[in-house]
Amino acid sequence: MNVSPQRQARTPSFAERVSERLIGPCRLIMLRTPIQNVVTWCGSFHSAPDMGNKEELLLQHLVVSMLDKGAGTLDRFAVAEILEDKGAELAFSSDVLRIDFSGRALKKDVTEVLGLTALQLREPLLAEEELAKAKDRISASIKRSMESTSAQASGALRRRIYGVSHPNYIEEFEERLEQLQRLSIDDVRAYHAAHFGANACTLVVTGDVDENAVNEAVENHFAGWPSHEASPRFAETPEEHAPGVSTVAIPDKENVDVRLGHALAIRRNDPDYIPAFLGNFALGGNFSARLMQTIRDEMGLTYGIGASLSGVSTEYDGHWQVAVTLSKEYVQRGVEETVKQIRRFVAGGVTPEELQEKKTTVTGAFKVGLSTTFGLAKTLLSNVEQGFEIAYLDEFPDRVESVSVDEVNRAIAQVFVPNALHVTLAGNVREGDVKRACP
Amino acid sequence: MDIPKGFSFEEASGGVEAYRLEDNGLQALLLQDATAPVATFMITYRVGSRHEPEGLTGACHFLEHLMFKGSARFNKQAGTSVFNVLQRVGARVNATTWLDRTNYYEMLPGEYLPLAVEIEADRMRGALLQDEDMERERTVILNELDRGENDSIRKLFHAVWAAAFTVHPYHHPVIGWRGDVERLTPDGLRHFYDTYYRPDNATVSIIGDFDKTEALGLVHRHFGQIASPEEALPTMHVCEPAQEEERRVVVRQAGWQGAVMVAWKSPRGLEADTDALDMLSAILSAGKNGRLYRRLTDTGLTTSAWGGISRFCDPGLAYVFARPAPDKTHEEVEAAIHATIDEIKENGITEEELQRARNQRKAQAAFSRDGSFSAAAELNEAIAAGDWKIYTTMQDRIHQVTGKHIQRVARKYFVENACTTGYYIPGYPD
């Protein structure tokens, strides 16, 4: 199948196509693509909360949720009007150690919306009358998580694996609700003053980019943003806990979410990462991986099962988890069969054919994932956040292709330990329901 | 480009070209987009839960699952299962069933487009639909159903639609009633497959980076040999009787965060009144200058509130959904929703609100061309509603909507006897 004539020339590498410069403290990365009139951006900076003090994360959530409630001389409606009149999108979120921001606008509106982005980050009003409403919204969000079997099972697993000061730890939802009520507007403003600054600030802009205009907007609005003085305080490694089972009983939830997982002594930049990633992918990365093929396709026990390397970064360790949903009557059997498949996989490893198939899946999916302006911007930003050069993205498919079966099977044997698996369940189950299945 | 042999050109609109395979009536839509070396292939069958009679609810969705269990040339026994073959090349592959349609799609590197065309053609008439696969898949679907039942808001939506429609199949959830899913038979599914999976009931869409002549050649090569049955497609004539009084439903389930949904009957997706209701929905719920935010959320009555409109083959629902703030009651929220609507019925909307909604739609139209899948998803719903050109002409349609039209549809459709109200009242587990 031929692609269009304009595509037949060799696609230049990211390193060749990307324009990159430092503007004040802000690293600006731009990538023009042939799309017309649409520009997307993703950015982040280090907020460096003290992970040992869980109030700080809640304060970070509160600040983020109040960024769109007025900034500079603009009240909340004036801020919204700038965006809504243009159909532009702008979002802020708290990603534990960082604050993320992203947006999308028509080409003619980009500079104004980027200016608004900076204003909201640097000079939010954080008005006292908005605090109660912000608390209600966060409270509602926490309560929705309490109703979610998926959120409850994942939270329980993380509490079994990590200590409270690890970035991947998730606090009990009830505790967060209580803490939230104690926070004052002074606390919120103090957190903003101490943690919002241009530390490791990166902005990636993709699409129909007018580079001069974006340069100028970043010069005008981000270049003078001072850094804050907070330094990151967090545990880099999980805590040692004996494997066990946690159950979160939620009446009326006949689908039970189950997580099996353990800590991983591996970082994103370790040589073993890509072999472990490929091994995990062969086990539970997609529909044609082992777990979906056996537990769903052959046995019909679940609608969804998958495995992932979760919360792994270059800064701290993460964990390995298998997530499966099971109707109440299949919980016992589902967990037993899942553990059996994991053991079989770890003992036998992957076959050469299986690995080759997963390699082409991963490299093909990488290409597909870069087909939107958001996909490009997010991938470029994540790459920078992990501390990699732009060229890493060009090299990634070759790095995947060069991994051998022995490397993958060595990584599987070293990294994945069935006897170390914790099991957590959330739904209409009682404690002890899967005792016998616990590895 | 010369029109390839076997095709007739139908029309072009907004960059999309429509062709039809002369021998069997299959429609093909082409939308070129060379921004990335990726293409999306999608086949939309004009069959959904709307076509399911009582006792066969969930059949379309069940069939969608079985379509991945193998076809004549692509099956697990031969080592060529659909997922294996497509995911091997990095494709995002899946299918969805909805009220008026079922679609199967592959988003993949452009050079593998032929593979997607070949697979979809093979399973259009060659699906194996084996009894043993059906039994294994039944428990998978029942788990999917349980997952959905875990979600109180999904249950609320189902309850409101079920109460609002008493005769029309929009009454039942797409996944089906549990009792039906437990009892569906292979013969029932096969009958559904034989009745609706045919070239003249399908549209293939190719979006992304491809050569047009080659793409049509592929469609001809793989789909051209499939004959459409001589029997005419069954027509659906179920008409929901006029609602004569307000209806109310309550969903109770363990949880902590309640919800209110107020819904009114709305017209067919292709009608101009639906465009006006669509714009009204945007004015109600678009951001902080939306009416609902200002009246409900900014005042601390709700933590979120938004409106929506269905654009289906048959009349559907326009609705407002809201989450009460912690110390507020469902009744207070419901009253505020009605007050917001009544204000528009009485005083209309401002020119500024209308212009803002138009600008937002203009930006969304540009955003919808960002990536081949985004365009495919919108085309899919337009095909299902009855005219793919809704996707390409939406800007013109909404520009014809005036403030007076919006006030008129608010008065016409948002009336008490066409209203169905649903509460989700959470119980508090210990």
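If you read the protein sequences in the order shown, they are chains A and B.
Under the working numbering, the residue at position 70 of the first sequence is numbered 70, and the numbers go up by one with no gaps.
Under the working numbering, the residue at position 284 of the second sequence is numbered 1284, and the numbers go up by one with no gaps.
Beta carbons: idealized from backbone N, C-alpha and C, even for Gly.
Between B:Ser1368 and B:Ala1357, the CB-CB gap reaches or exceeds 8 Å. Annotation for B:Ile1383: the continuous alpha helix (DSSP H) segment containing it runs 1372-1385. The distance from the Cβ of A:Ala190 to that of A:Pro226 is about 16 Å, inconsistent with a contact at the 8 Å cut-off. For A:Ile35, the nearest beta carbon of chain B is closer than 8 Å to its own beta carbon.
Annotation for B:Ala1365: Gln1395 place their beta carbon closer than 6 Å to its own, counting only its chain and skipping 5 residues before and after. According to the DSSP assignment, B:Asn1084 belongs to the alpha helix (DSSP H) that extends over 1082-1087. The three-state reading of DSSP puts B:Gly1422 in strand, counting E and B together.
Annotation for A:Gly375: Gly369 place their beta carbon closer than 7 Å to its own, counting only its chain and skipping 5 residues before and after. Those residues of the segment 1255-1287 of chain B placed with their C-beta closer than 8 Å to a C-beta in chain A are Gly1255, Trp1256, Gln1257, Ala1286, Gly1287, ordered along the chain.
Per the C-alpha coordinates, the member of B:Arg1123, B:Cys1419, B:Gly1269, B:Val1320 positioned closest to B:Lys1069 is B:Arg1123. By the Cβ criterion, the segment 1139-1146 of chain B is in contact with the segment 322-341 of chain A, since at least three pairs of Cβ atoms, one from each stretch, lie closer than 8 Å. Between A:Thr379 and A:Ile35, the CB-CB gap reaches or exceeds 8 Å.
Between the beta-carbon of A:Val405 and that of A:Val350 there is about 7 Å, and that keeps the pair under the 8 Å contact cut. DSSP, read as helix, strand or coil, puts B:Glu1017 in strand.
Against chain A, the beta carbon of B:Glu1149 has neighbours under 9 Å at Asp252, Lys253, Glu254, Asn255, listed in chain order.
In terms of beta-carbon proximity, A:Phe287 lines the interface with chain B, with at least one pair separated by less than 8 Å.
For B:Met1279, the enclosing alpha helix (DSSP H) stretches over residues 1272-1285.
The shortest C-alpha to C-alpha distance from A:Pro49 to any of A:Glu89, A:Ser94, A:Glu395 is the one to A:Ser94. A residue is called buried once 16 or more other Cβ atoms fall within 10 Å of its Cβ, and B:Ser1304 is buried on that count.
Taking every protein chain shown into account, the CB of B:Gln1257 has 16 or more other CB atoms within 10 angstroms, so this residue is buried.
With a cutoff of 8 Å on beta-carbon distance, A:Thr117 and A:Leu90 are scored as near each other.
Closer than 8 Å at the C-beta level to chain B, one finds these residues of the segment 348-375 of chain A: Glu357, Thr360, Thr361, Val362, Thr363, Gly364, Ala365, Phe366, Lys367, Val368, Leu370, Ser371, Thr372, Thr373, Phe374, Gly375.
A direct Cα-Cα distance of roughly 6 Å separates B:Gln1243 from B:Asn1417. Relative to the Cα of B:His1158, the nearest Cα in the group B:Arg1248, B:Asp1187, B:Thr1195, B:Ser1081 belongs to B:Arg1248. Residues Ser1266, Pro1267, Arg1268, Ile1309, Arg1311 of the same chain have their beta carbon placed closer than 8 Å to that of B:Thr1274, with the five preceding and five following residues left out of the count. Not a single CB atom of chain B sits nearer than 8 Å to the CB of A:Arg27. Secondary structure in the segment 1101-1136 of chain B: the beta strand (DSSP E) runs of 3 residues or longer, each lying completely within the stretch, are 1102-1109 in chain order. Apart from sequence neighbours up to five positions away, the residues of its chain that approach B:Arg1198 with a beta-carbon distance below 7 Å are Ser1228, Pro1229, ordered along the chain. Counted as a single uninterrupted DSSP element, the alpha helix (DSSP H) harbouring A:Met146 occupies residues 128-147. Under the Cβ distance rule, A:Phe416 does not count among the residues neighbouring chain B, no pair being separated by less than 8 Å. Of the candidates B:Ile1283, B:Asp1370, B:Cys1313, B:Phe1321, B:Ile1283 places its Cα closest to the Cα of A:Asp85.
When CB distances to chain B are screened at a threshold of 8 Å, the residues of the segment 423-437 of chain A falling below it are Gly427, in chain order. With respect to the C-alpha of A:Gly311, the residue from A:Ala263, A:Glu354, A:Met292 having the closest C-alpha is A:Ala263.
Sixteen is the threshold: when 16 or more other Cβ atoms of the shown chains lie within 10 Å of the Cβ of A:Gln60, as they do, the residue is buried. At a cut-off of 8 Å, the C-beta of A:Lys86 has a neighbouring C-beta in chain B. Residues of the segment 300-316 of chain A with a C-beta less than 9 Å from any C-beta of chain B: Gly300, Leu301, Thr302, Tyr303, Gly304, listed in chain order.
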